[in-house]
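Per UniProt numbering, the sequence shown starts with residue 1, numbered consecutively.
Every residue gets a Cβ at the ideal spot worked out from N, C-alpha and C, and that includes glycine.
Since we're looking at a predicted model, the values are computed, not measured.
What follows is one structure encoded as C-alpha cells, with my remarks underneath.
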Amino acid sequence: MPPLGDADTIRILVSTDNHVGYNERDPVRGDDSWKSFHEIMCLAKEQDVDMVLLAGDLFHENKPSRKSMYQVMRSLRMNCLGDRPCELEFLSDASENFQGAFNHVNYEDLDMNVAMPVFSIHGNHDDPSGEGHLAALDILQVSGLINYYGRTPESDNIQVKPVLLQKGRTKLALYGLSNVRDERLYRTFRDGKVKFFQPSVQKEDWFNLICVHQNHHAHTETSYLPEHFLPEFLDLVIWGHEHECLINPRLNPETKFHVMQPGSSVATSLVPGEAVQKQVSLLSITGREFKSEPIPLKSVRPFVMKEIVLSEDKEAKKVARKENNRTEVTRLLMTYVEDLIEQAKSEWIESHQDDIDGDEEPEIPLPLIRLRVETSTPDGGSFDCENPQRFSNRFVGKVANVNDVVQFHRKKKTATTSRKADDAAAEADMSHLATLDTVKVEQLVRELLTAQSLSILPQNSFGDAVSQFVDKDDKHAMEMFVNESLDNQVKYLMGLERDADLDDEDEMHQSLQNAMEKYRTQMEDLFSKGAVRRTRGKKRFKPKPDGWDSEFDGPWEDQPGALIHSDNEGGDPNEEEAGEDGTERPTAATHGRGRGRGGRGAASSTTTRKTAATTTTKTTKKATPAARGGRRKQAISDEEEEEEDAIMLDDDDSVEEPQAIASDDEDSQALFVQQKRPSRARQLAASTTTSSRRGGRTAASPAPSSVTAAASSTRRSGRAGAKSTQQTTLSFASQDNSTGAGKRNAPRPARGGFAEMSDIEDDDDDAFEPSYAKLFAAACGLASTAQAVHPLIVEGKDFVNSVTKDRFQIIGVDYQPGGSSAFKKTADPLADKDACLRDAAILQRLGVNAIRVYNLAPGLNHDDCASIFNAAGIYMFLDVNSPLTNGALDQTAPWTTYNHFYLQQVFGVIESFKNYPNTAAFFSANEVINEASVEQAGNYIRAVQRDMHDYIEKHANRSIPVGYSAADVRPLLVDTAYYLSCDLSNSTSSRSDFFGLNSYSWCGDATYKSSGYNVLTQDFKDISMPVFFSETGCNNVRPRVFSEIEAIYGPDMSQSLSGALVYEYSQEKNDYGLVQINSNGSVSLLVDFDNLQKQYNNLDLDAITKANSTQTSMDAPTCNPDEITSNITKSFDIPERVDGIDKMVEDGYTKNIHVGELVDVTSTKLSQDVFDSNGNLISDIKLNILSEDAVNTPSKSSSSSTSSDSSSTSPSGTSSGTAAATSSGAASSLTAGSVTGFGGLVALALMAL
C-alpha cells in the first residue's frame, strides 16, 4: 500500500475563544474582537484548509448584539462559501450530531455551496439559554454557516458521540464537549455518567480529536476538568476557555494524548496570560499522525505588561521618606509607562516587518498597557500614589485602555496562624464541598423543606421548578410554578361548598387548612405518578414597551414582569374572558379624560358581577402617570392598586356608572366624579368610594393627617338603628397663575386651588356650610402644594438668586447611582420616585443644596424626582450627554458626532427639564478637551453651546445657564476657560456661562499650597464667569476627611470659586461613594458621609453667600487668539449647523420627549430603610418640604449617626417637619404641630367654628 500523502491529509485551522463583541462599545477597542476573528477566517481561506475548528466562546455574550452577529455572519459568508468542493466525506449519522431544523452537515446541503465548513462547540459565554434552550450558534447553524456540535442537553448524563469524517485514507473522529459548569461536570465524570462512543469498525484507524471548553487548572477541588478524566483512546485535545496561548501540543505522560491550548484571539483582561502573543494553529492530520504549525495573528492589539515593586526601585526608594511625594512617584511611574508604550510599538513593528512599506509611516494601533505596582514600604515611609484612573487618563491618545493603565496593590501580610492548621481546615472544607457536589437540586430542595411546612405549594413540583430554573436557565420557571399553584388552589377552594354550621372562626380556619392540605397532597400524589407536570407550553408575554431597546436593555422576554399569568393580563382591561365555570363576567367601563399634570387622565374601570339576589360592585384603582406635553403609557402602581369595599345593594337600587368630568381649566390637576343623589342607596355607594389616585398622587389633600382628619366627618343618622356612614372627601386641583413673558425668569407661583365638594344630604345641623367648607379646602390646599425655589441666573462670576439677588454658593454632590454603565433609555437616576425621595432626604441631612446628574433619558417622566428635589431645596446641574452611541462629542473627531442625532439627545434633555425652577444649569460637555483631543474640540463645544442657548431662548420660559466641565489638565486649564468664556461678536451665544473643574489634587491632609489650590485661586481670580469644582474628593487616602471643604468655602477661595460638587453620592466600583445603596433599596451611610457632613456643618454660610459687587458686574473679554499659549485651538471659527439642526432649533424637538412640570409632593416618608455608618437604623429620617425659596443648607445640629427626631435634624432652611405653602409670595406652613401664615390662621378659625 503506498504511503499516505497530501490527498490523505486533513488540514484544520484551530482557534478558540474569539469573544466577538467584547468591549464593543469602547470607542478605541470596540472592533478588536471581530477584526481578529475576520483575520482567522481569511487565514483559513488563504491556507486552503479543509475545515475550521472552534473550541467555544465564539461570542462574548450568549445574546450577542446585532453588530456582533452581523460581523461574524459577514466573515463566515465571505470565506466559507464558494465553488470549491469540500473533500471531507461525512460518515456518521448527522441526526445524532446536529439538532434543529437542518440536522445535517452544511456542506452536504444541496441548496448551499460550502467550500470550507466550520465546526464549533459552545463555551460558557455563548451557551444556550432561555425558552427553547437556543444558543447564538443555533442561529448560525440554521443559516447554514457553521456546524454546531457537541451539545450537552443533560448535564448529569452526558453522551459524547463523534462526528466521523474521512479524506482519502485518513479517518477523523471529531468529538465535542461543550461547556458545562465545572463542578457539575466534575461530578458527572466522577459518577461515571459521561459515556464516549467510538466507531464500531476499524477503531485503530481513527484519529480521535476532541474539543473541550472547561477550566484547565484547579481553582478549587472540583472547579476544573482533570485531563485524566478524558478517555485514553484520544489522540489530541483542543482545550478552550483558557486564554493563555500554549499553542504547541503537549504530551500527557499518563494518558498518552497531546493537549493543545490555542488561547484567545482578543485580550479580555489585563493579566500576564493575555500578554502572550496570540496565535492559531494549522493542524495537519495524516492517518494517525499529526503536526501543528502556529500562525501569529497580526490584527491583535499589542499588549505589554510589567510589574514593579517600588520598595526595590532605586529611584522610588529616594522619595519614600519624603512628605507629599506624589509628584515624584507619579513622574517615576509615567516613565515606566512611556517605556512600555515604546516597547509595544517596537514589538509591533518587528512583527509586521513584512507588511510595512518602507516609504510610509506605519499606523501603529494604540497598545494595551498594564503597569502593576506594589506600593508596600517594609522599610518605612510611604508612597503617595495618584488615583489610578486619573493617572491612566494622562495617557489618553497614547494607550487603548485609558482608565486602567496602572494597578496599585500591597504585599499581603503573612498569616500568624499555623500553616498546618490552615491546611487541615482547607482540606476539611474541600471534602465537605466534594460531598455537596454529589447532591442534586431536587434533593437539596427536599432536605430544605423537611424542616418546613408548605401549606399550598406541592413539594415535589416545587423541586421540579427549581431544577428547571437552575439546570435549564428557565428564568420564569419559579414565577409560573407559584402562579399556577396558587391559581389551582384558589379554584379548588372556591369550588367547595360553604359549611353553614361552622360559625366559630377557629373551626372555619381549621376547615380551610384541612382543605388546602388535602388538595396539596392530591397534587403531590399526581406529580409523583407522572400524571401532572409543570406547564411547559408556550409562554405568553406582555407587549414590549415603547422605547425598549433590546440592544441595550436586554431581551424583554427575560424581564420578570414580562410574563402574562392570566388571560386578561397585559391586554385590554375592559375585556375579560368567560370564567371556567361558564358564568359570564360582563364588564362596563367608563374612561375619563382629564387635564391632569400635563397629560391624559386615568381610565377608571368598573367590573360588575350579578348574582341571583345581589350585585357586587368593585372598583379597581388605576394610576396614570401622564404629564402635559408628553406621552406615557398607563401603569398600575404596586402600592396603590387597591380594591374598594364591596357594597351589597338590592336589585331595585341600580348603581349608575360614575362619569369622569374633565376640568376646563388647562392646569386643572385632578379628576372629579360627578355623583347623582336620587336615592340613599346611591349616596351610600358614592360616599364609600374614594377618588382615584393619579400617577402616584392622590387627588385628596396631601396636607398632614390632622388637617385631613378635620376635613372629614362621620355622622350617624337621627333615626335609631341607622348605620349608614357618610364621609366628606376634599379634592384639590392645582392652578398655574403665571402668565405673560414678564415672569420668564421667575419661578412659577405655588400650585394651589380647590374643587367643589360633593353635595351630600345630611340632616345634621352642625355640618359645614358650603362657604366654610370651600374656605377650609382652600386653606388646606395652601399647605399641600409643591413649593418652587427661585431659579438661578449668572451675573458676572456669580450664580445669583433671580428674585432675592443673593449670591448662590454650590454645596453639592455628584449624583449618578449605578454609574454610567447602569444608564438605559428606560431608566435614569431622576425617573425613580422612591429612590429620589430616599436620596433627597439623605442629601437634605447631609446639607447639600445642589446635585449634578450625568446621564438622563429625555423620554422618561422626571416630574416626581424633580419636584422632590425642588421641595427639598436642592438645585440640579444636569449633563445633556449620554454614554450611548452618538450621545456625546467625540474628542478625537467631534465632526463625526455633531449631527441631529446627538442634538436630539441634547434638546430632549432641555425640553424635559426646562420648566423645573430648580434646574440650575446644563453642562454642554465633560472633559472633552485634554491631551488626546484634536484642536477642533473647542470649536465644537462652542457650537453645541450656541445651539443650546438658542434653543433655550426660543423654547424655554426663562434663561438657563449653559457651561462646560473640564478635566484638571493644568497646562490647558486656563486657556480652555478663556477660550470658552471670551465673547465673539459673531457668535455671542456660543460662550460658556460657567466653568466646572473636575479636580482631585487635594488628597488626605494636603494643604492649600501643596494641593495647588492656591494656583487655581489665582488663575481664576479675574475670570468673567462662575467657576466651581464640578468634581472633587480625592480617595487616595481612606476614609476621606474632606479637609479641602474649609479651603473651598474659606476667604481665600470663596470669592474666586462658587463652591464644589463632591464626587460622588453612591458607592460604585471606583470607591468614591458617600453611601452604599444595598440590593434591597436600603441605604447605609459610610464614614465618608459623616466626615463630609461635619465639614459642611462648620461652614460660615453668611460669609460665603454675600455677593461681591465687582464680581457681578464683570464683563467677558473679547476673544483674542494671542491670549492662548497652550496647544488648544486658537481658531474661533464656530462650525455651522448641519443635518437639520436649524429646523430643530426653530421648531423645537419634543418627539417621544416628556416635557416636565412640577407636581405636588404628597409623601415624605421613605419606603426604604436608612442605616448610619455604624449600622444602626435611622428611624426618623424623612423628606422635609421647604417653604418657598428656602434652599437647603447644612445644620449645626444634624447628625447622621443618631436616631433623633426629624425636627431637630432638619436643615436650617426648613420649617421643622413641615409641608410649606405660599400665598402671594408669603411662605406659610400648616402641620399637626404648628400652624403659621395666613392659610394657617384661616384653618384655625374654621376649626374653632
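Can you pull the DSSP bridge partners for residue i?
| i | result |
| --- | --- |
| residue 140 | Paired residue(s): none; residue 140 is not in a bridge. |
| residue 284 | 11, 291 |
| residue 401 | DSSP lists no partner for residue 401. |
| residue 147 | 119 |
| residue 296 | 279 |
| residue 1077 | 1083 |
| residue 919 | 876 |
| residue 808 | 799 |
| residue 1062 | 813, 1032 |
| residue 370 | 305 |
| residue 788 | Paired residues: none, contrary to the question. |
| residue 851 | 813, 876 |
| residue 158 | 194 |
| residue 793 | 800 |
Over what stretch of residues does the beta strand (DSSP E) that includes residue i continue unbroken?
| i | result |
| --- | --- |
| residue 211 | 206–213 |
| residue 998 | 995–998 |
| residue 175 | 170–177 |
| residue 195 | 194–196 |
| residue 249 | 246–251 |
| residue 51 | 51–55 |
| residue 1031 | 1027–1032 |
| residue 965 | 962–967 |
| residue 260 | 258–261 |
| residue 240 | 236–240 |
| residue 163 | 163–167 |
Mark residue i as exposed unless 16 or more other C-beta atoms lie within 10 angstroms of its C-beta, in which case mark it buried.
| i | result |
| --- | --- |
| residue 937 | buried |
| residue 1251 | No statement about residue 1251 is possible, as the shown extent of the chain runs from 1 to 1249 and does not include it. |
| residue 41 | buried |
| residue 914 | buried |
| residue 323 | exposed |
| residue 219 | exposed |
| residue 490 | exposed |
| residue 986 | exposed |
| residue 664 | The predicted position of residue 664 is uncertain, since its pLDDT is 40 and thus under 50; no value can be drawn from it. |
| residue 919 | buried |
| residue 125 | buried |
What residue range does the alpha helix (DSSP H) around residue i cover?
| i | result |
| --- | --- |
| residue 307 | It is not in any alpha helix (DSSP H) - residue 307 instead sits in the beta strand (DSSP E) that spans 303–309. |
| residue 947 | 937–955 |
| residue 327 | 326–351 |
| residue 980 | 970–981 |
| residue 1257 | This structure gives no information on residue 1257, because the portion of the chain shown stretches from 1 to 1249. |
| residue 383 | Premise fails: residue 383 is in no alpha helix (DSSP H) and is neither H nor E. |
| residue 838 | 833–846 |
| residue 391 | 388–393 |
| residue 38 | 32–46 |
Any heavy atom of the ligand NAP inside 7 Å of the beta-carbon of residue i?
| i | result |
| --- | --- |
| residue 949 | Of ligands this structure carries none, so the ligand NAP is not represented either. |
Discussion item. Across the stretch 272–282 and the stretch 299–309, are there enough close Cβ pairs to call them in contact, namely three or more that are closer than 8 Å?
Written reply: yes
Discussion item. What ranges does the beta strand (DSSP E) occupy inside the stretch 73–137, keeping only unbroken runs of at least 3 residues that lie completely in it?
Written reply: 118–121
Worksheet item: Quick one: any contact between the stretch 190–206 and the stretch 27–45, if contact means 3 or more CB pairs under 8 Å?
Response: Counting Cβ pairs under 8 Å, fewer than three are found: no touch.
Worksheet item: In the stretch 1086–1166, which residue ranges form an unbroken alpha helix (DSSP H) of at least 4 residues, counting only runs that do not cross its ends?
Response: 1087–1097, 1101–1105, 1109–1112, 1141–1147
Practice prompt. Kindly confirm or deny that the stretch 338–345 and the stretch 367–382 touch, where touching means at least three C-beta pairs closer than 8 Å.
Written response: Pairwise C-beta distances place the stretch 338–345 in contact with the stretch 367–382, as three or more of them are shorter than 8 Å.
Discussion item. Contact between the stretch 106–115 and the stretch 151–159 is defined here as three or more beta-carbon pairs at a separation below 8 Å; is this criterion met?
Written reply: no
Worksheet item: Does the stretch 823–840 come within contact of the stretch 1046–1054, defined as at least 3 CB pairs closer than 8 Å?
Response: no
Worksheet item: Any contact of the stretch 960–970 with the stretch 990–1005, i.e. 3+ C-beta pairs under 8 Å?
Response: yes
Worksheet item: Would the stretch 875–883 and the stretch 1121–1132 be scored as touching if the rule is three or more Cβ pairs under 8 Å?
Response: no
Discussion item. Is it the case that the stretch 98–105 contacts the stretch 22–33, given that we only count it when at least three CB pairs across the two stretches are under 8 Å?
Written reply: No: fewer than three Cβ pairs fall under 8 Å.
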